[in-house]
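Right, one structure below, let's go through it.
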Amino acid sequence: MSFDVAKVRADFPILDREINGHPLVYLDSANTSQKPRQVLDVLREYHERHNANVSRSVHTLGTESTSAYEGARAKVAAFIGASSPDEVVFTKNSSEAINLVAYTSGPFLSLGPGDEIVVSEMEHHSNLVPWQLLCERTGATLRWFGVTDEGRLDESNLHDLVNERTKLVSVVHMSNILGTINNVSRIVARAHDVGALVMLDCSQSVPHLPIDVAQLGADFIAFTGHKMLAPTGIGVLWGRTALLEAMPPFLAGGSMIETVTMEKTTFAPPPARFEAGTPPIAEAIALGAAVDYLCAIGMEAIHRHEMEITGYALKTLSDIPGVTIYGPSTPEGRGGTVSFGVDGVHPHDVGQILDDLGVEVRVGHHCARPVCARFGVAAMTRASFYLYTTAEEIDALARGVEQVRKVFA
Amino acid sequence: MIEQLYQEIILDHYKHPHGRGLRDPYAGEAHHVNPTCGDEITIRVAVDGAQLSDISYDGMGCSISQASASVLHELLKGLDGPRAFRVHEAFVELMQSRGQVEPDEDVLGDGVAFAGVAKYPARVKCALLPWMAFKDAAARAGVGVSPEVTA
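Taken in sequence, the protein lines are chains A and B.
Residues 980 to 1388, numbered by this note's numbering, are exactly what the first sequence covers, in order.
Residues 6 to 156, numbered by this note's numbering, are exactly what the second sequence covers, in order.
See below:
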């Protein structure tokens, strides 16, 4: 069955909008995705029919709410191939998921001077800054993989970089700025050989690719709901059961305890240990609905559609004089996120003129300033795609870029 | 609408900036960045008696921030502190007006072209970046930040 993008688009009310008198061309899904009616309906129905706090009420609404919340956890677990729903910790977003590991791994891994943490130059700030702070707190050393001219991870010094001093490697699975999908198999193998843990920032990959944590081989992954058709405020940390069980709490408060006396507290097993306070219940349930929606279409089909759109975008953009594409130049081993520059025009100006034509892209350093620095620019313009993106929208982007060149000629 | 933002005057100042480049000697310098987009500007203020004898700058950023620095140089160089800050105040007021203030060309010169920018809240900070850096550089040069202080 071929992918019916028109049918998909009909599920997204916002795509009917006009912006500055033009049909909305939303090319900023790497930033946040739009939401289908099926997810919005679940949000509303939850608040209208089932709203109650979870895990603490004996009444009917509380039971319904808890069952829907835990049901969402099971859906997410199945979606990523987790061996148990207990391996899925709900967080606020990817940043919180990464911080959870970064904060607990100091004591958990007994980090100190001489230990090393490895990241890459391709990271979103959310997978860089928490590790910088961890190293500051513990005296451990931060090291990183470089990025090649083609926009891929430079693994040439893998054996030097990941060594017996390495305690944890945390790298991005798919770059939010270059679109690169990193084949992490060699890094995972090397890290495990030297006894280091591996965390993957899957914020950009889980929404767009079929992901199986068993296949990835990592110990932790982080991703966020709002980039995969769910609302903001809900993210996920997946971790191996044995590791989560050994980790100390991160945030403390309600729901994460076993028994509390005035002197001392013992803690609940994971995932509850890491979910202090009332969680984003409706958002988690809506994430479950988003997973249902994605599964009904099929992640393979979504990925194939995005590959097609990406191939077309790479070709269309590179045919425009004065346009430079950053990152892999073919759709193989990359996702539907294409960053580019227009000669002599600052990305802010590119984005402004595109917006005037209804084309919504992101401009700036994309929370990945070291990547911009690596390619010698202060900022980039980024177009990013999803299951609802059409070839006509790529054409609209190209017309917009031509207009940019005209204004700044 | 977009033509109000990218007026010819602004594009001219962007493509052919006036007084660009950092010069010595100077009495005060400030470096400002816009953390959300990475735009940067360094401004130096040289003083001769009561007069701002030179305002030199360098930076990278969008057309709005760079043209704004060029216009600032044109408008403020050679003025004394109180007069410079009257222009400064008028420019800031214009930028914060959301398009509701009619700019005075006698005070703002080419700066009136930025009236359209005020209608784009996301771009106001671009236009203000050099002006905020100037304020700091001037303070470091010992030039008062308001007419009252220098009077």
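Where is the CB? At the ideal position from N, CA and C, for every residue including glycine.
- Taking the CA atoms as reference points, Ser-1074 (chain A) sits about 9 Å from His-1104 (chain A).
- Under a 10 Å Cβ-count criterion, Gln-1194 (chain A) is classified as exposed, with fewer than 16 other Cβ atoms of the shown protein chains found around its own Cβ.
- Secondary structure note for Leu-134 (chain B): it is in no beta strand (DSSP E), and the uninterrupted alpha helix (DSSP H) holding it is 126 to 145.
- Around the C-beta of Gly-1130 (chain A), 16 or more other C-beta atoms lie within 10 Å, and the residue is accordingly described as buried.
- Counting along the chain, Ala-123 (chain B) sits inside no alpha helix (DSSP H), nor does DSSP assign it H or E at all.
- Using a Cβ-Cβ distance cut-off of 8 Å, the region 1287 to 1301 of chain A and the region 1312 to 1323 of chain A are in contact, since at least three pairs of beta carbons, one from each stretch, lie closer than that value.
- Burial is judged here by how many other beta carbons sit within 10 angstroms of a residue's own beta carbon; Val-1033 (chain A) has at least 16 and is buried.
- Proximity of the region 1170 to 1189 of chain A to the region 1240 to 1259 of chain A falls short of the contact definition, fewer than three beta-carbon pairs being nearer than 8 Å.
- The count of Cβ pairs closer than 8 Å, one atom from the region 1224 to 1244 of chain A and one from the region 1037 to 1049 of chain A, stays below three, leaving the stretches out of contact.
- Here the alpha carbon of Arg-1144 (chain A) sits roughly 5 Å from the alpha carbon of Asp-1094 (chain A).
- Taking C-beta atoms under 8 Å as the contact rule, Asp-1007 (chain A) and Ser-1297 (chain A) fail to qualify, at a distance of about 21 Å.
- At a cut-off of 7 Å between C-beta atoms, His-1029 (chain A) does not count as an interface residue with respect to chain B.
- Taking one beta carbon from each stretch, the region 1081 to 1095 of chain A and the region 1116 to 1136 of chain A have 3 or more pairs nearer than 8 Å; the two touch.
- If you check the CB distance, Ala-35 (chain B) and Asp-141 (chain B) come in under 7 Å.
- Here DSSP, grouped into helix, strand and coil, assigns Tyr-1367 (chain A) to coil.
- When rounded, the separation of the alpha-carbon atoms in Gly-43 (chain B) and His-1344 (chain A) is 7 Å.
- Taking a C-beta cut-off of 9 Å against chain B, none of the residues of the region 1168 to 1200 of chain A qualify.
- An exposed status is given to Glu-1242 (chain A), since fewer than 16 other beta-carbon atoms sit within 10 Å of its beta-carbon.
- Sorting B:Leu-133, B:Asp-111, B:Val-122, B:Glu-94 by C-alpha distance to the C-alpha of Gly-104 (chain B) places B:Val-122 at the top.
- Listed along chain A, the residues sitting closer than 8 Å to Arg-128 (chain B) by beta-carbon distance are His-1327, Gln-1331.
- Ranked by how close their Cα comes to the Cα of Met-1207 (chain A), the residues A:Ile-1156, A:Met-1278, A:Ser-1149, A:Ala-1170 have A:Met-1278 in first place.
- The region 109 to 124 of chain B and the region 56 to 66 of chain B do not touch, with fewer than 3 CB-CB distances between them shorter than 8 Å.
- Interface flag for Val-1386 (chain A) against chain B is set, since a Cβ pair is found closer than 7 Å.
- At a cut-off of 7 Å between beta carbons, Ile-15 (chain B) makes no contact with chain A.
- Gly-1343 (chain A) reaches chain B at Thr-41, Cys-42, Gly-43, counting residues in chain order whose Cβ is nearer than 7 Å.
- Rounded to whole angstroms, the gap between the alpha carbons of Cys-1346 (chain A) and Asp-53 (chain B) is 43 Å.
- By the CB criterion at 7 Å, Thr-1127 (chain A) and Pro-1307 (chain A) fall outside the cutoff.
- Here the region 1152 to 1167 of chain A makes no contact with the region 1366 to 1376 of chain A; the two share fewer than three CB pairs at distances below 8 Å.
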